[in-house]
Ligand code: THU
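Numbering (the numbering used here), first residue to last: 13 to 172.
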């Protein structure tokens, strides 16, 4: 039997090592955590996207007493950005989280459903989304888009 090796490259750095341009979108995600509605988990997630042309849009996780009715910060942000600016490609997505104890030291990665939505966004605008995952002690930067975090992905190509 043959094997396929699927490789993922993620850069690891501190927030200070990011460019000022990247820090701006990361700081927007960190600030957005204050607007999270996470009364059930106490896990406040903020996301921010930079659209082509420079506009930054933020969003947060929105929970619900009927748990599955809530939505992650990444999807809230992408759906809002794509609704308000349907003609503007998403170039960068930053994610940050905090709890009652403060910001997390390590980055939180997007869940599977959010990865699928990021993939759809890339296909829609034919533009890879750089992903920056913020942690107080270290950040991860995924330069080449969601394929690094969602290998063997399902997209519209299979529906043809
Ligand atoms: N959450 C996000 O908003 N983004 C992620 O990438 C992971 C999890 C939210 C969903 C829920 O409101 C809370 O964090 C705990 O899972």
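Heads up, the beta-carbon is just placed ideally off N, CA and C, and yes, glycines get one too.
For residue i, three-class secondary structure by DSSP
i: residue 126; result: helix
i: residue 172; result: coil
i: residue 30; result: coil
i: residue 40; result: helix
i: residue 225; result: Limits of the chain in this structure are 13 at one end and 172 at the other, which puts residue 225 out of reach.
i: residue 106; result: strand
Cβ of residue i within 9 Å of any chain C Cβ
i: residue 146; result: Looking for chain C here will not work: only one protein chain is present.
Proximity below 9 Å, CB of residue i to CB of residue j
i: residue 34; j: residue 129; result: no
i: residue 57; j: residue 86; result: yes
i: residue 148; j: residue 154; result: no
i: residue 137; j: residue 101; result: yes
i: residue 144; j: residue 30; result: yes
i: residue 106; j: residue 41; result: yes
i: residue 146; j: residue 115; result: yes
i: residue 109; j: residue 170; result: no
i: residue 89; j: residue 46; result: no
i: residue 121; j: residue 84; result: no
i: residue 131; j: residue 165; result: yes
i: residue 14; j: residue 156; result: no
Which listed residue (the options) has its alpha carbon closest to that of residue i
i: residue 43; options: 54, 32, 23, 69; result: 69
i: residue 49; options: 81, 165, 96; result: 81
i: residue 126; options: 13, 24, 111, 72; result: 72
i: residue 140; options: 124, 146, 158, 123; result: 158
i: residue 97; options: 65, 111, 124; result: 65
beta-carbon residue i near ligand 2 non-hydrogen atom, thresh 8 Å
i: residue 84; result: Ligand 2 is absent from the structure shown, which contains only ligand 1.
Distance, residue j Cα to residue i Cα
i: residue 118; j: residue 150; result: 6 Å
i: residue 172; j: residue 163; result: 20 Å
i: residue 167; j: residue 134; result: 11 Å
i: residue 76; j: residue 26; result: 34 Å
i: residue 187; j: residue 79; result: There is no way to answer for residue 187, as the model of the chain reaches only from 13 to 172.
i: residue 38; j: residue 99; result: 23 Å
i: residue 92; j: residue 67; result: 13 Å
Next on the checklist: List, from N- to C-terminal side, the alpha helix (DSSP H) runs of 4 residues or more that fit wholly inside the region 109–161.
Outcome noted: 124–137
Checklist entry - Taking the runs of the beta strand (DSSP E) that are 3 residues or longer, which of them lie wholly in the region 58–82? => result You should have 68–72.
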